[in-house]
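In the working numbering, the protein residues as written are 40 to 246.
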Amino acid sequence: MTRYFVTGIGTGVGKTFVSAILTEALKADYWKPLQCGTKEGTDKNLVCSLISNKKSIMHNESYCYEEPVSPHLAAALANDKIRLDKMHLPDTENVLIIEGAGGILVPLNDTNFVVDLAIEFEAEIILVIKNYLGCINHSLLSIDYLIKNGFEVKGLILNGNFDPAVRLAITNFSELPILGEIPEVTEVSKESVLNLSQKINLSLFDN
Numbered sequence: 040m041t042r043y044f045v046t047g048i049g050t051g052v053g054k055t056f057v058s059a060i061l062t063e064a065l066k067a068d069y070w071k072p073l074q075c076g077t078k079e080g081t082d083k084n085l086v087c088s089l090i091s092n093k094k095s096i097m098h099n100e101s102y103c104y105e106e107p108v109s110p111h112l113a114a115a116l117a118n119d120k121i122r123l124d125k126m127h128l129p130d131t132e133n134v135l136i137i138e139g140a141g142g143i144l145v146p147l148n149d150t151n152f153v154v155d156l157a158i159e160f161e162a163e164i165i166l167v168i169k170n171y172l173g174c175i176n177h178s179l180l181s182i183d184y185l186i187k188n189g190f191e192v193k194g195l196i197l198n199g200n201f202d203p204a205v206r207l208a209i210t211n212f213s214e215l216p217i218l219g220e221i222p223e224v225t226e227v228s229k230e231s232v233l234n235l236s237q238k239i240n241l242s243l244f245d246n
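Right, dumping it as structure tokens:
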């Protein structure tokens with residue numbers, strides 16, 4: 040089974056939206072093993088509402104916490120502790136999109152970061168980059184950490200309308216492929232996700 044771990048250069052960069060687009064483009068399954076902030080619903084249910092194809096399956100979370108805070112804090116507030124060995128991969132033959140929480144170095148517990156889930160699940164990393172002031176620095180710091188620590192990085196997804204100079208800076212210094220460029224949208228819907236799934240360069244997923 041091919042697995043991709045979707046993470047980002049920070050919180051609020053559009054990981055769930057991009058995960059939905061990737062799920063649609065690859066007709067993949069979706070799994071978010073760790074959900075923080077359930078008062079307004081879960082990302083699993085949101086992604087499910089945005090998918091048009093009939094092949095994708097949404098898998099249940101391993102951990103769900105009510106508070107919309109960092110995973111280690113959400114677990115502590117619930118008198119719990121997150122353990123990687125309690126997160127079991129879904130049984131599927133489909134491509135699996137695994138969505139992380141926050142950025143790559145958000146703590147899960149006293150010893151693990153979110154990005155460690157990519158190793159635990161033997162998944163290639165897809166890094167989501169949102170266009171904002173400071174995104175070059177955040178992107179290159181994230182990429183530098185991933186490369187120097189031996190993570191397998193499939194490539195980057197650019198989320199938003201990037202100035203060409205910003206795009207060039209990120210691609211020049213990272214030398215990682217752009218898997219897709221997602222323009223800003225006025226409405227997140229099943230139709231927009233279906234249309235934007237065509238922005239994913241599927242030829243880069245053939246190997």
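By construction, the Cβ of each residue, glycine as well, lies at the ideal position given by its N, Cα and C atoms.
Fair warning: this is a prediction, and the values are worked out from it, not measured in the lab.
Nonlocal neighbours in the same chain, by C-beta distance under 6 Å from residue i, ignoring five residues either side
i	result
S109	V145
P216	G194, L243
T41	V134
C87	M97
L81	Checking the displayed sequence, the identity of residue 81 turns out to be Thr instead of Leu. Closer than 6 Å at Cβ, skipping near neighbours: Q74.
Y104	C75, A113, A117
Y184	none
E106	A113, L116
Burial state of residue i (16 or more Cβ within 10 Å)
i	result
K93	exposed
A204	exposed
R122	exposed
G150	In the sequence under discussion, the amino acid at residue 150 is Thr, which differs from the Gly named in the question. By the 10 Å Cβ count, T150 comes out exposed.
D155	buried
K169	buried
I165	buried
Cβ shell of residue i (< 7 Å), same chain only, five flanking positions each side left out
i	result
G219	I196, K238, I239, N240
K71	D82, K83, E100, E138
F152	I143, L144, V145, P146
T50	G141, G142
A67	L61, S95, N133, V134, L135, I136
Whole-Å CB distance - residue i paired with residue j, under 8 Å assumed
i	j	result
V167	G53	6 Å
V192	E163	7 Å
I96	E63	With a Cβ gap of about 13 Å, I96 and E63 do not count as contacting.
I60	L235	5 Å
V45	E138	5 Å
A157	F201	So it is not a contact: roughly 25 Å between Cβ atoms.
K125	N148	The pair is not a contact, with the Cβ atoms about 11 Å apart (cut-off 8 Å).
For residue i, the three-state DSSP class (helix, strand or coil)
i	result
V232	helix
A157	helix
L128	coil
K169	strand
I137	strand
I239	strand
I143	coil
I175	helix
Other residues of its chain near residue i: CB distance less than 8 Å, five sequence neighbours each side excluded
i	result
I175	V205, A208, I209
S213	S178, L179, I182, L195
K229	S88, L89, I90, S91
E161	R42
I221	G53, F56, V57, I60, I196, L197, N198, G199, L235, K238
I186	V192
L85	T55, A59
| request: Only counting runs of 4 or more residues, tell me where the alpha helix (DSSP H) segments fall wholly within the segment 42–115, in order along the chain. | output: Here the runs fully enclosed are 54–65, 82–89.
| beta strand (DSSP E) runs contained entirely in the segment 181–221, provided each spans 3 or more residues | The qualifying runs are 192–198, 217–221.
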